[in-house]
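One structure is given here, and the rest of the page talks about it.
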Amino acid sequence: MRFEFVLDVNKDLGFIDEQGNQFVDAGEVNICIGDKTLKLHIE
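Going letter by letter, the sequence shown gives residues 22 to 64 in this note's numbering.
Given below as structure tokens:
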């Protein structure tokens, strides 16, 4: 069985600050599904 999905980094991993600006923090994000883990590095 195979699943596929698309992440929009700004939309799906972003935040909105007090001024209403959208941003994404730099760092590492782990996406876990079952026993599988995907590590993403965001700059």
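Just so you know, even glycine gets a beta-carbon here, dropped at the ideal spot from N, CA and C.
Note that the coordinates shown come from a computational prediction; the quantities given were computed from them, not determined experimentally.
query, result
"Along the chain, where does the alpha helix (DSSP H) containing Leu-34 start, and where does it finish?", "30-34"
"Could you tell me the distance, in whole angstroms, from the CA atom of Asp-56 to the CA atom of Ile-37?", "31 Å"
"Rounded to the nearest angstrom, what separates Lys-60 and Glu-49 at their Cα positions?", "7 Å"
"Can you give the Cα-Cα distance for Leu-20 and Gln-40, rounded to whole angstroms?", "Past the edges of the chain, shown from 22 to 64, lies residue 20, and the structure says nothing about it."
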